[in-house]
Amino acid sequence: MEKKKVPAKIFKQEVIVFLVVIALLIFFCVASQDFRKYTTILTIMDYSYYIVLMAIGVAFPLITGGVDLSIGTGLVCYSLAGGYLIMFKGWPTGLAMIVSILFGLAIGTLNGILIGVMDLPPFLGTLCTCMITRGLGSICSKNTGISWPTTGQPGSWFRSIFKYETAGGTKIPLGFIWVLLLAVIMHFVLNHTKIGRYTIAIGSNKEAAILSGINVKFYHIMAYTISGLFAALASIAYSAVFKTVLPGTGAGFELEAIGGAIIGGVSATGGAGSIIGTFIGVFVICLLKTGLPFIGLQANWQQIVTGLVLIGSVMVDIIKKRREAKK
Amino acid sequence: MKKKLLATIVSTAMVATLLAGCSGAAAPAADAAPAATEEAAPAEDTSTEAAAPAADAASGDLDFKIVVKSFQSSYWQAAVQGVNQAAEELGVKVECNGPNAESDIADQVNMLTNYINGAPSGIGLAACDQSACLDALQMAKDAGIPVVCFDSGCPDAPEGSVLSTIATDNYGAGATAAENLYAALKDSIASASAPVRIGEVNQESTSESITQRGLGFIDKFSELATADGKKVAVVGNEFYVNGAKDKGDEASADIIIEVAVPAQTTVELCATEASAIMNKSDVLGIFGSNQVAAEGILSANENLNKLGTEAGKDILAAGFDAGTVIKQAIKDGKMFGAVTQSPLAMGKTTVETLYKIANGETVSDIATDGYWYDNSNMDAPDIAPNLYD
Amino acid sequence: MGEVILEMKKIDKSFPGVHALNNVDFEVKRGEVHALMGENGAGKSTLMKVLTGIYTKDSGTIIYEGKEVEFNSTREAQDAGIVIVHQELNMVGHLTVAQNIFIGREFKKGIRIDDKKMNEEAKKLFDRLNIDIDPTMTMSDLTVGKQQMCEIAKAISHDAKVIVFDEPSAALTEAEIEDLFKIIKDLREQQMGIVYISHRMDEIKVITDRVTVMRDGCYVGTLITEESTKDDIVNMMVGRVIYEEPKTKSQVAADAPVVLKVEHLNAGRMVQDISFELHKGEILGFSGLMGAGRTETARAIFGADPKESGDIYVNGQLVTINSPEDAVRAGIGYLSEDRKRFGIVVQKTVAENTTMADLPNYMKGLFIDRKKERDVARKFVDSLATKTPSVDQMVINLSGGNQQKVVIAKWLCKNCDILIFDEPTRGIDVGAKNEIYKLMNKLASEGKSIIMISSEMTEILRMSDRIVVMCEGRKTGELTIEETTQEKIMNLATRDIN
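Chains as they are written, first to last, in the numbering used here: chain C, 8 to 334; chain W, 3 to 391; chain V, 16 to 513.
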C-alpha cells in the first residue's frame with residue numbers, strides 16, 4: 008500500500024498535464040470553428056511526432072541533471088545525410104534510415120563521452136556538438152535542401168509508417184501509435200531497468216552512485232546515446248512529414264522538446280521525471296503551436312505564450328519542491 | 003629578422019602571382035586560335051546584322067571570364083547555359099569557372115584574382131560572399147577590367163569597379179505571380195457572394211528579396227481587383243500590412259489578403275502558418291514567396307487536401323522558385339504554378355552587358371524578370387532550363 | 016575480540032605538496048570496535064580511502080584475512096567485504112529505500128529490475144538489524160537518522176566483514192545515536208571488525224574497545240579504551256593539554272542594556288512563540304537537541320526564512336526584518352553552521368570574503384578599492400589571529416577554524432554588533448576550537464553581543480553567560496550560568512519527549 012505512494016506522485020503531474028491538453032483542445036475548438044476538423048488532428052499529429060521523439064530522448068540527459076542541445080541540429084543533420092544518400096547515391100530508403108540512426112547514435116555517444124568521461128559541462132558539450140552537427144548537415148547535403156522520396160515516388164513507403172492512407176483516401180495518423188509505443192517502452196526502461204535507475208541515480212546524487220560501485224561513466228554516456236538515438240528517430244519522422252529538409256535549420260527544435268519534457272514533469276534540476284508525462288507535455292507545446300495561428304495570433308505572440316506556459320510549469324515544479332522541503 | 007621574413011613572404015607571393023598570371027593568360031591564348039576559326043563561319047552568315055559590333059572590334063578578340071557561385075545545382079548550370087548561348091550569338095570567347103561549393107569562398111576569390119591577372123576584356127561575377135571579393139574588385143578596377151555582377155550584387159564594391167548588377171526584379175516577380183493567380187481566380191472572385199480570402203506566406207520580413215516579392219504580389223493583386231471594382235484589405239503581419247500601397251478596410255472589403263510570417267524560417271513553421279490560413283473556408287488562393295514557403299504550403303496540404311487545379315478543389319496555390327517538390331506538385335496539378343527566376347536569361351544578359359561595355363556603351367543595373375510557369379509550359383524550351391531541381 | 020582481520024602496515028601516500036600519510040600502521044580485530052581519532056586533516060579519511068580503493072597507496076601493505084590485497088575501486092573492496100558508511104550520506108534521494116540499498120547490484124527478472132524481490136530482501140535485512148523502516152518509502156522522505164540506518168543496512172548487505180563508520184553520529188539526535196550504538200553492538204557480536212571515526216569523546220568511551228590516534232598524517236599510538244582517560248586521548252591528538260572548564264559566573268555587567276529583544280516569534284512548526292532578551296556583551300547559549308528549532312529561530316530572526324508573527328527590537332527600536340539585508344542593516348550578523356553553503360565563497364580570497372557584506376564602503380567610483388580591501392582584511396587577520404599566508408589566499412585552502420574566522424571578519428567588517436554563531440566549532444579541530452572560544456570571549460568583552468547555538472554540552476557550559484533551552488520548536492527554559500547543570504539542560508531539552 009505504501010508502494011503506490013511513489014508512482015502516485017508522478018502520476019499526478021501527468022494527470023494535470025493531460026487535463027491541460029484537454030482544456031487547450033476545448034478552448035481552441037470553441038475559439039475557432041476551423042479548428043474543429045479531422046484534418047486539424049492530422050496536422051497536430053504530424054507536427055508532434057518529431058518533437059515527441061526528441062523529448063523522450065532528451066528526458067534522459069535532463070534526468071541526469073544535464074541537457075542535450077544538439078538534438079535539433081542533429082535531427083536535421085541525420086535527415087540530410089540519409090536523404091542525400093537516397094537522392095544522389097540511389098540508396099534504398101531502409102538503408103539510408105539505418106545510416107541516419109547510426110549517425111544519431113554516434114553523435115549521442117560523442118556527447119556522452121564529452122560529458123560523462125571528459126567532464127565538460129552538459130550545456131557546453133552539447134552546444135559544441137550542436138554547432139558541429141549544423142555544419143556537418145550542410146556538408147552532407149552539399150548546402151542544398153534535401154527531399155526524401157515523396158508520396159508516389161519509389162522508396163516513399165516510409166511515409167506511410169506515420170500516416171497511412173486507406174483505399175478510400177482517409178488518412179490515419181499511424182505514427183501516434185508508434186510514438187506512444189516508444190514512450191511506453193522508454194517509460195519502462197526508465198523505471199524498471201538498470202539504465203533508467205542509474206540515470207535517476209546520477210541526476211539525484213552522482214557521488215552516491217559512484218560510491219555504490221556503479222559504472223557511472225558508462226551510464227552517463229548511455230543517457231546521451233539514448234538522446235542521440237531518439238533524435239535520429241525524430242529525423243526520420245521529420246523527413247516523413249515534411250517535404251524538404253533545409254540545411255542550417257534545426258536550432259530551436261530542442262527547446263520545444265526540452266520544454267515538453269519539463270511541462271511533463273521532468274525535473275529541471277534532474278533526478279526525477281516521467282516519460283509518459285513528457286509524451287503528454289509535448290502535446291501542450293504542439294497544441295499551442297498549431298492552435299494559436301487559428302485564433303489569429305501572430306507568430307511572435309505564439310512564442311511568447313509558449314514561453315509563459317513553460318515558466319508556469321517550471322514554477323509548479325519549484326513550488327512543489329518548496330512544499331516538500333517544508334514538510 | 004622580422005623584416006627578412008616579411009621580405010621573403012612578399013617576394014614569394016609576387017613570384018606566385020606572376021606564375022599564376024602567366025598560366026592564366028597562357029591557357030586562353032592557346033584556345034584562342036581554334037575558337038577564332040570556328041566562329042569565322044557564322045560571322046559571315048550574319049554579316050549584315052553583325053556589322054555594327056564587328057565594326058569597332060573583332061569579336062573574336064574579346065574574351066570574358068565568368069565566375070559563378072558553384073556548379074552544385076542546376077540553377078547555375080542554367081546560368082552557364084545562358085552564358086554560352088550569348089557567347090555563341092555574339093561571337094565572343096567566354097570561359098566559366100566556379101568553386102566546388104558555394105561555401106568555398108576563398109577558392110572563388112582565388113579564381114577571380116587569377117582571372118584579373120590574365121587581363122581579360124571583362125569579368126562576370128556571382129559572388130559567394132559580398133565582402134570577400136572587395137579586394138579583388140579593387141584590383142580589377144586598378145587594372146581597368148570591367149566587372150558585371152549577376153544573381154547577387156556587391157553593394158559595397160569600390161566605386162566604379164562594378165559597372166552593372168543583373169539580378170531578379172523581386173517586386174516584379176511577385177507581381178507576376180499575382181497577375182497569373184488573379185487571372186485564374188477572376189471568375190470565382192466576381193461570382194462570390196461573400197468576401198473571399200487570399201493567403202500569402204512569407205518566410206520572413208527582413209530580407210530585401212522576400213519582402214519585395216511579398217509586397218509585389220499584394221500590390222499587384224490589389225491593383226487588378228480594384229480595377230474590377232472590388233475592395234481589398236490586407237491583414238496579418240504588420241510589416242506587410244504597413245508596406246502595402248493600400249491596406250484597405252477589413253470590414254468592408256470583398257477580398258482579404260492575409261499575410262502570415264512564421265517566427266522562424268523553417269518548413270514546419272511555414273506549414274503551420276499555411277494550415278491556419280488554408281483551414282478557413284473563404285480562401286480561394288494562396289501564394290508562397292519562396293521555396294521554403296511554397297513547400298510549407300504543400301506540407302500543410304498533405305492533411306487538408308484542399309489544393310488543386312481540378313474541379314472540386316478549393317484553393318489555387320502559387321509558389322516561387324523550382325526544386326523537385328514544387329515541380330512535382332505543379333505536374334500533379336496540386337500547385338497551380340510558380341514564378342521562377344531566370345538564371346538562363348541572367349547568364350545571357352551578363353555576357354551581353356560585358357559586350358556592350360567592351361564596345362564603349364554605358365550600362366546601368368538590369369533587373370531580370372521572373373517567369374511564370376505552370377503545367378502547360380513547364381517543358382517549353384525557354385522555361386525548362388530555368389527549372390532547376 | 017578475535018584474531019586480526021585487517022592489518023595496514025607502513026602505509027604511505029602523498030599528494031602534490033602534501034604528505035598525507037606517513038608510515039601509518041592500523042589494525043582491526045574481529046568483534047572489535049576500533050576508534051580512529053585525530054584532528055581534522057590528521058589523515059583518518061585518507062587512510063580509509065586508501066583501504067577502500069578510492070586512493071592508491073604509494074607504499075605499504077594491506078593484509079586482509081591473512082592475504083595481501085590491493086583494491087582498485089570501492090566495488091572491489093565491497094566485494095571482498097570491506098564497506099564504508101560515509102559521513103555525508105550517499106543516498107539517491109529520488110529512489111526508494113530498497114532501490115538504494117541494492118543499487119549497483121539489482122535483482123533482475125530478464126531485463127526488468129525485480130523491485131518486489133528487492134523490497135522483500137530489504138525487509139529481511141531490516142528485521143535482522145531490528146530497524147523499522149518501510150523499504151518502499153522514498154529516501155528523501157526519511158529523517159536523516161533513518162537514512163543513516165539505511166546506509167548501514169546497505170553496508171551490511173554486502174556481506175561485510177569490516178565496516179568503517181565515518182563520523183556516523185554527526186547528524187543524529189540522541190535517540191538515534193542510541194539506536195546506532197545498539198546496531199553497532201549487534202554487529203560486534205556477529206564478529207565483524209568495526210572502524211569508528213568520530214570527534215565525540217563521550218561516544219568513544221561508550222562504544223569502542225581500542226583507540227588509534229593519528230596526527231598530521233602519522234600514526235601516534237593505540238590505546239585500550241577502558242584503560243585510558245579522555246585526557247590521554249586528547250593529549251595524543253593535539254600533543255598538548257586542553258582545559259575545558261565550564262564558566263561559573265556571568266561576565267556581563269548587571270546593568271548591561273538589552274540590545275536585542277525578541278517577542279512572540281512564530282515561524283512554522285519549528286519556531287513557536289519564542290521570546291528572549293540579549294544583553295550587551297553577553298554570550299547567550301541556545302541549547303537543545305537536533306531539530307529543537309534553534310537554527311530555524313536564528314534564521315527567522317535573521318530574515319532568511321519568513322516569519323508569521325512576532326516583534327524584534329534592536330537597541331529598544333522595533334525593526335522590520337524581512338530579509339537578511341534588513342537584518343544586516345539592523346546590525347545582526349549570522350554565521351551559518353554550514354559555512355561552505357552559506358558563509359563563505361571558497362573560491363575567493365580572504366580579502367574578498369572579508370569585505371563581501373560591506374562592499375559599498377570599499378569602492379572607488381565604479382571599481383573596488385583593492386588596496387583598502389586588503390588593508391582592512393589584514394587588520395582582521397591580525398586581530399583575529401587568522402592563520403593564512405596572505406590575504407590573497409583562496410579561502411578554500413584554509414582550515415575550518417580559519418575559514419570560520421574569515422566569516423567572523425566579514426561580519427565585524429560590516430560593523431555588526433549582534434552576532435549569531437550557529438554551531439561555531441562544527442568540523443573544527445580541537446586546537447582551533449579553543450581559539451574560536453577565546454575570540455568569542457574577546458568579542459563579548461569588547462561589547463559585541465553573541466547568540467551561540469551549540470549541540471555540544473561542554474561548549475554551552477564553557478561559553479554561555481545565560482542559556483536558552485529549546486525543545487520541539489518551543490522555548491522550554493532559561494538558565495543563568497550560575498544555576499546551570501548538565502542535567503538541568505537535558506531535562507529541559509527533553510521535557511516533551513515521550
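Think of the CB as a built atom: it goes at the ideal place given N, C-alpha and C, for glycine as much as any other residue.
Rounded C-alpha distance that separates residue i from residue j
| i | j | result |
| --- | --- | --- |
| residue 156 of chain C | residue 345 of chain W | 27 Å |
| residue 91 of chain W | residue 375 of chain W | 26 Å |
| residue 187 of chain W | residue 167 of chain C | 34 Å |
| residue 54 of chain W | residue 63 of chain W | A caution first: residue 54 of chain W carries a pLDDT of 41, below 50, which makes its placement in the model unreliable, though a value can still be read off. One C-alpha to the other measures close to 15 Å. |
| residue 111 of chain V | residue 140 of chain C | 39 Å |
| residue 295 of chain W | residue 176 of chain W | 13 Å |
| residue 264 of chain W | residue 203 of chain W | 8 Å |
| residue 196 of chain V | residue 222 of chain V | 7 Å |
| residue 36 of chain V | residue 51 of chain V | 14 Å |
| residue 128 of chain C | residue 199 of chain W | 52 Å |
| residue 342 of chain W | residue 331 of chain W | 15 Å |
| residue 96 of chain V | residue 75 of chain V | 21 Å |
| residue 306 of chain W | residue 280 of chain W | 8 Å |
| residue 2 of chain W | residue 349 of chain W | For chain W, the structure presents residues 3 to 391; residue 2 of chain W sits outside this window and is missing. |
| residue 495 of chain V | residue 481 of chain V | 4 Å |
| residue 218 of chain V | residue 172 of chain V | 25 Å |
| residue 319 of chain W | residue 355 of chain W | 36 Å |
| residue 44 of chain W | residue 86 of chain W | Residue placement at residue 44 of chain W is poorly supported in this model, since its pLDDT is 43, which falls under 50; the coordinates still yield a value, given next. One C-alpha to the other measures close to 15 Å. |
| residue 127 of chain W | residue 387 of chain W | 20 Å |
| residue 285 of chain V | residue 324 of chain V | 13 Å |
Reference residue i, options the options, closest by Cα
| i | options | result |
| --- | --- | --- |
| residue 344 of chain C | C:258, C:227 and C:88 | A question about residue 344 of chain C goes unanswered here, because the residues of chain C that appear run from 8 up to 334. |
| residue 19 of chain V | V:79, V:150 and V:226 | V:79 |
| residue 141 of chain V | V:129, V:198 and V:176 | V:198 |
| residue 254 of chain C | C:55, C:81, C:38 and C:73 | C:81 |
| residue 484 of chain V | V:468, V:315, V:205 and V:478 | V:468 |
| residue 282 of chain W | C:46, C:29 and C:19 | C:46 |
| residue 142 of chain W | W:118, W:326 and W:225 | W:118 |
| residue 320 of chain V | V:187, V:298 and V:280 | V:280 |
| residue 367 of chain W | W:266, W:95, W:192 and W:156 | W:156 |
Enclosing alpha helix (DSSP H) for residue i [first to last residue]
| i | result |
| --- | --- |
| residue 219 of chain W | 210 to 229 |
Boundaries of the beta strand (DSSP E) in which residue i is found, first to last residue
| i | result |
| --- | --- |
| residue 25 of chain V | 19 to 30 |
| residue 98 of chain W | 95 to 99 |
| residue 154 of chain V | No beta strand (DSSP E) contains residue 154 of chain V, which DSSP labels as neither H nor E. |
| residue 489 of chain V | 489 to 495 |
- Message: Restricting to runs no shorter than 4 residues, where is the alpha helix (DSSP H) found entirely within the region 127 to 158 of chain W?
- Response: 136 to 145
- Item | Residue ranges of each alpha helix (DSSP H) within the region 123 to 169 of chain C, 4 or longer | 129 to 147 and 166 to 169
- Query: Which of the residues in the region 95 to 111 of chain V, read from start to end, lie with their CB under 9 Å from any CB of chain C?
  - Reply: 99, 101, 103, 104, 105, 106, 107, 108, 109, 110 and 111
- Please list the segments of the alpha helix (DSSP H) lying wholly inside the region 239 to 302 of chain V, counting only runs of 4 or more residues, in order along the chain. 245 to 253
- Query: Which of the residues in the region 299 to 324 of chain W, read from start to end, lie with their CB under 8 Å from any CB of chain C?
  - Reply: 300, 301, 302, 304, 305, 306 and 307
- Determine which residues of the region 185 to 202 of chain C have a Cβ less than 8 Å from any Cβ of chain V, and write them out in chain order. 195, 199, 200 and 201
- Item | Whole runs of the alpha helix (DSSP H) within the region 214 to 293 of chain C, excluding any shorter than 4 residues | 223 to 248 and 260 to 270
- Query: What residue ranges within the region 277 to 359 of chain W form continuous alpha helix (DSSP H) runs of no fewer than 4 residues, ordered along the chain?
  - Reply: 293 to 306 and 326 to 333
- Message: If the cut-off is 8 Å on Cβ atoms, which residues from the region 121 to 145 of chain V count as contacting chain C, listed in chain order?
- Response: 121, 123, 126, 127, 128, 130 and 134
- Task: Taking only runs that begin and end inside the region 76 to 107 of chain V, name each unbroken alpha helix (DSSP H) of 4 or more residues, in chain order.
- Result: 89 to 95
- Message: What are the residues in the region 289 to 300 of chain C lying within 8 Å of chain W by C-beta distance?
- Response: 296, 297 and 300
- Message: To be precise: take each residue of the region 243 to 276 of chain C, compare its Cβ to all Cβ atoms of chain W, and keep it if any distance is under 7 Å. Which residues remain?
- Response: 249, 250, 251, 253, 256 and 259
- Message: Tell me which residues of the region 47 to 69 of chain C have at least one Cβ-Cβ distance to chain W shorter than 9 Å, keeping chain order.
- Response: 47, 48, 49, 50, 52, 53, 54 and 57
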